[in-house]
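Contents: one structure, followed by commentary.
What follows is the structure in structure tokens.
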């Protein structure tokens, strides 16, 4: 890893990791490298994704003239990562278009397999990546859906099951996914990228780096990783393997299942999650009504006893948190608009759940998604200002959490801060100066989206 301010080491619990071999300044670029492979993201939402640029296809798509899969444009069907890989396979085997997330994951695996013919050097580097916590004595077996797609649907019978299993593992645990959760206008890019050096970084639920995808002029992609905070020599250089706004128990379960390690980072080990009370629920028996139930031992996950931080009342996790969280999730599922979502917030924030509870943050995020486009269109000034003030309150609450979980100059925190500025400008009502300020902030947000700065 010549030129990098770190060295790769191995640990029994977390596997390979990158350790700083000198002090790294805040903002210093640590890694820049070209992607070994790029493909559509296997996101859980059933979108049609362009196999050329990997953006979500909005409206009526164009279709590739060769394989008939949905594309953004004729230009996209000529992009090498599609035209020289699965396109001819799909045509020859008659593979029909799909918006099944698993099929997009399968396409990534197929592209990686075909890389051996297209670029042997990249293929050999790719094969050095970890493919999962596999017992060396056990034979690797490909997931059924992967084998079904590649061997049968695509008629690529030259690949054996063990190779399919290894490649499926490489894609699953090393992919850097790019999406945009709060876009103003641009169709989000749902891409999965594979890198060698960047894949050496270990996970932390409060990472000390941030990264962005760089789109090169030849339609290839690179990654730029920088230090969001100062990193001392000997410290781990970390990233996030999953969305760290998810609850602690969910994060640790996913990391254990996918990467075979139980996260014991500073945040996961703290019952209050760095003072945010991100998973805390209101104590129903607290005489003062001010206590919150938090885990006595976060490392025990759902088996832990939860205890009130004020009165000492205790109860199993499944009794004090699961019922209320299940109820709120269902209320969110059936909420038709931001008004109903706001009712959920009023009903539960600091009543049944801590105001910073992850579900309350999810509700605020959903409200902001709606308000960011609707508020500027409200013609009645007083009502627009009132709704903008609400949006500002929600954005500030979200930004407070972003500051805790994404410290320093993290791109996600930067985006969150911009939305606070946008909401603040909307609260000022009418006038040329307000319009200019809004235009300026919108331009910054739009530029950030175009440059992939805010993708996550």
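Numbering (the UniProt record's numbering), first residue to last: 1 to 456.
In this text, a Cβ means the ideal position worked out from N, Cα and C, and glycines have one as well.
In chain order, what residues of the same chain lie with their CB nearer than 6 Å to the CB of residue i, ignoring the 5 residues before and after it?
i           : result
residue 69  : 51, 97
residue 90  : 67
residue 76  : 50, 52, 53
residue 4   : none
residue 299 : none
Which of the three DSSP states, helix, strand or coil, is assigned to residue i?
i           : result
residue 185 : Because the pLDDT at residue 185 is just 49, under 50, the model does not fix this residue reliably, and the point stays unresolved.
residue 386 : helix
residue 374 : helix
residue 234 : coil
residue 124 : helix
residue 304 : coil
residue 316 : strand
residue 9   : strand
residue 459 : The requested residue 459 is not part of the displayed model; the chain covers only 1 to 456.
residue 353 : strand
residue 292 : strand
residue 22  : coil
residue 178 : strand
residue 17  : strand
residue 365 : helix
residue 3   : coil
residue 134 : Residue placement at residue 134 is flagged as unreliable, the pLDDT there being 47, under the threshold of 50; the coordinate-derived value follows with that caveat. Note: residue 134 maps to coil in three-state DSSP.
residue 156 : coil
residue 166 : helix
residue 264 : coil
residue 379 : coil
residue 286 : coil
Go through its chain and collect everything with a Cβ distance to residue i's Cβ below 7 Å, but skip five positions before and after it.
i           : result
residue 167 : 109, 112, 113
residue 13  : 261
residue 267 : 205, 206, 273, 274
Are the CB atoms of residue j and residue i within a distance shorter than 7 Å?
i           : j           : result
residue 358 : residue 247 : yes
residue 200 : residue 56  : no
residue 360 : residue 320 : no
residue 375 : residue 395 : no
residue 416 : residue 398 : yes
residue 277 : residue 348 : no
residue 392 : residue 363 : no
residue 164 : residue 36  : no
residue 197 : residue 34  : no
residue 226 : residue 8   : no
residue 404 : residue 255 : no
residue 236 : residue 174 : no
residue 104 : residue 40  : yes
residue 81  : residue 38  : yes
residue 258 : residue 202 : no
residue 224 : residue 209 : no
residue 240 : residue 271 : no
residue 93  : residue 155 : yes
residue 99  : residue 143 : no
residue 426 : residue 402 : no
residue 313 : residue 282 : no
residue 263 : residue 252 : yes
residue 309 : residue 289 : no
Whose C-beta lies closer than 8 Å to the C-beta of residue i among residues of the same chain, with five residues either side of it excluded?
i          : result
residue 11 : 17
Complete beta strand (DSSP E) runs within the stretch 28 to 95 (minimum length 3 residues, chain order):
Taking only runs of at least 3 residues, the beta strand (DSSP E) segments lying wholly in the stretch 28 to 95 are 29 to 34, 37 to 40.
Touch test, the stretch 225 to 243 against the stretch 17 to 26, Cβ-Cβ under 8 Å, three pairs minimum
The stretch 225 to 243 is in contact with the stretch 17 to 26.
Contact between the stretch 329 to 338 and the stretch 362 to 377 (3+ Cβ pairs under 8 Å):
When C-beta atoms of the stretch 329 to 338 are compared with those of the stretch 362 to 377, three or more pairs fall below 8 Å, so the two segments count as touching.
Quick check: the stretch 373 to 384 against the stretch 405 to 418, are at least 3 beta-carbon pairs closer than 8 Å?
Cβ pair count under 8 Å is below three, so no.
Beta strand (DSSP E) runs wholly inside the stretch 188 to 260, at least 3 long, in chain order:
You should have 191 to 194, 209 to 215, 221 to 227.
For the stretch 314 to 329 against the stretch 214 to 228, are there 3 or more C-beta pairs whose distance is under 8 Å?
The answer is no - the stretch 214 to 228 does not touch the stretch 314 to 329, with fewer than three Cβ pairs under 8 Å.
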